[in-house]
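Start counting at 1 in the sequence shown, then tack on 75, and there's your number in the working numbering. All remarks here apply to the structure that follows.
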Amino acid sequence: MKRQDGFPEDFVWGCSTSSYQIEGAASEDGRGPSIWDTFSHTPGKVVQGHTGDIACDSYHRWREDVALLKELNAGAYRFSVSWTRIQPDGKGKPNQKGLDYYSRLVDGLREAGIEPWLELFHWDLPQALEDAGGWRNRDTAFRFEEYARIMYKAIGDRVEHWTSMNEPWCAAFLGHLTGEHAPGLRDREKTSRAVHHLLLAHGLAARAYREGGFKGEYGLVINAAKPRPATLRPEDVEASERASIERTSLWLDPVFGRGYPELFMQHFGSQMPIEPGDMDIIAAPIDFIGVNYYNEDAVRAALLSEENPYGFEYVPTWQRKTEMGWDIEAQGLRRILMHIARNWPAKVLYVTENGAAFADAPSPDGVIRDYDRIEYLREHLAACRQVIADEVPLKGYFVWSLMDNFEWSFGYTRKFGLVSIDHITKARRPKLSFYYYRDAIAGFGL
Ligand code: FCB
């Protein structure tokens, strides 16, 4: 039967998770510590001192996760590899037990008819590399390439969708400027160094994938954002362009061979440790851009200054908010996808994360009636359908997340899952949004 909901037959319907947020088994089978182990164990960094030590225990319960994905009829599962399971100190000989875990997971997914979408890095940098300077240190990019090659060799024959890394903006800016994320630094120059080395790592890994002769699709995932202008006055429209530089052009310009955005270079160029040849490596050809979208802000023009190098300020908005305090604005998803499609020659786009945190209290009968999340997903899927009709090359959509998990500095206090986790027994329980998404995947309209 053909689907009648306006989505292409070959649209990819998936769910996303990441290693540190779900796996647990933090020191099992030779896994080494990552910066998120260190950060979450540092008092005051994560709400209520939560850690990913046990998380959703997916390291042991991955079969249950695969069964849930199968029940959803998901076409794809985007997960990330914990670098320190593969290389406990970020370099040298791979740890076979770590490789075996991902190999089993990949085989299990494929047997269930689910395409594995493997992501190499979702922020959990080996602590040993951090001790040597982390992303401020150029060598980390080369260590990343080495790790990527290990993964290509081990499962490159069974995984056809690869991404180098997730949201390098967060790794650079939240990790090195605001200190909200590991490694918790607050320094502008360190942030600029991290930006460049993250991109260099991406380019080296993408190039190595091509050199290996692998045939799959290769991409980069960013949390692109372009705040809307508060008014259509030219100065606010220009401020909105400038406000999107660090979240969008800073990544897409170099990846598409255009170098770093001029305004960024004017202010931070002297701190960018660019060496001859780097920009060519960063521009290694890729097949797709993954866009993670949750919300959209609004801005107006402000005076350009040393403290406000992009000359904009946020303005109040009217939208309803999720538990993260993020505005719910599905048209923002349409706008950011259009913005990317118009300005960069990305062949294919995927929404690699979209979802919402809500309080999700179970009813007395134990059922979690998360109608807020259903509404959120419905509106955002409708926005996807709209941009496809407008000829944006959007080929798939992944919900964040399959299950409630460790939400970084918010610990387990923010729930994004289609499935809830009992944090004592680790039992999985689908919420109503799980069944909503199953029906949407099946093609029964939104
Ligand atoms: C994204 C992250 C993901 C999750 C969601 C809510 O920025 O990639 O791990 O935390 O936000």
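Built from N, CA and C at the ideal position, the CB exists for glycine as well.
Should the segment 436-455 be regarded as contacting the segment 376-385, the criterion being three or more beta carbon pairs within less than 8 Å?
no
Backbone secondary structure at Arg460 - three-state DSSP:
helix
Counting along the chain, where does the beta strand (DSSP E) carrying Phe373 start and finish?
Before going further, note that residue 373 is Ala rather than Phe in the sequence given. First-last of the beta strand (DSSP E) with Ala373: 373-376.
Quick one: measure Cβ to Cβ for Asn480 and His455, integer angstroms, because I've assumed they're closer than 8 Å.
Asn480 to His455, Cβ: 20 Å. No contact.
How many angstroms separate the CA atom of Gly99 from the CA atom of Ala432?
21 Å
Is Ser345 near the ligand SAH - that is, is its Cβ less than 8 Å away from at least one heavy atom of it?
The ligand SAH is not among the ligands present in this structure, which contains only the ligand FCB.
According to the neighbour-count rule (16 or more other Cβ atoms, all chains shown, within 10 Å of its Cβ), is Met478 buried or exposed?
buried
Just the C-alpha distance for Gly254 and Phe248, rounded to the nearest angstrom, thanks.
8 Å
Taking Cβ positions, are Leu424 and Phe473 nearer each other than 9 Å?
no
By the 10 Å Cβ neighbour count, where 16 or more other Cβ atoms means buried, how is Val270 classified, buried or exposed?
buried
Local Cβ density within 10 Å of Asp445, reported as buried at 16 or more and exposed below that
buried
Using the C-alpha atoms, what's the distance from Leu195 back to Ala187?
22 Å
Using DSSP bridges, identify the partner residues of Lys396.
Asp402
In its own chain, which residues sit with a C-beta less than 7 Å from the C-beta of Tyr293, not counting the 5 before and 5 after it?
Trp237, Ala281, Tyr284, Ile361, Asp362
Could you tell me the alpha carbon to alpha carbon distance between Ile110 and Asp199, rounded to whole angstroms?
6 Å
Is it a yes or a no for the segment 87-95 touching the segment 146-156, going by three-plus beta-carbon pairs under 8 Å?
yes
For the beta strand (DSSP E) that Val474 lies in, which residues bound it at each end?
469-475
Nearest neighbour of Asp104, chosen from Arg136, Tyr369, Pro163 [CA to CA]
Pro163
Please report the straight-line C-alpha distance between Gln341 and Leu325, rounded to a whole angstrom.
13 Å
If distances are taken between C-alpha atoms only, which option among Pro420, Phe491, Ile411, Lys501 comes closest to Gln461?
Ile411
Determine the extent of the beta strand (DSSP E) in which Glu321 is found, giving its start and end residues.
Note, Glu321: premise wrong, no beta strand (DSSP E); not H, not E.
By how many angstroms is the C-alpha of Ala416 removed from the C-alpha of Thr113?
39 Å
Length of the line joining the Cα atoms of Tyr335 and Asp328
6 Å
Per DSSP, the bridge partner or partners of Leu193:
Phe154, Trp237
Would you please state the rounded distance, in angstroms, between the beta carbons of Ile443 and Ser476? I believe it to be under 8 Å.
About 15 Å; that fails the 8 Å criterion.
State the start and end residues of the unbroken alpha helix (DSSP H) segment that holds Phe114.
110-115
Kindly indicate which residue of Pro118, Ile357, Ser115 has the alpha-carbon position closest to the one of Leu279.
Ile357
For Leu200, list the residues DSSP reports as bridge partners.
Looking at the DSSP assignment, Leu200 forms no beta bridge with any residue, so it has no partner.
By the DSSP assignment, the alpha helix (DSSP H) with Trp88 in it spans what residues?
No alpha helix (DSSP H) contains Trp88, which is instead part of the beta strand (DSSP E) from 87-91.
How should Ile230 be labelled, buried or exposed, when 16 other C-beta atoms within 10 angstroms of its C-beta is the threshold for buried?
buried
In whole angstroms, give me the CA-to-CA distance for Gly183 and Ser239.
22 Å
Can you give me the start and stop residues for the beta strand (DSSP E) that Val426 sits inside?
423-428
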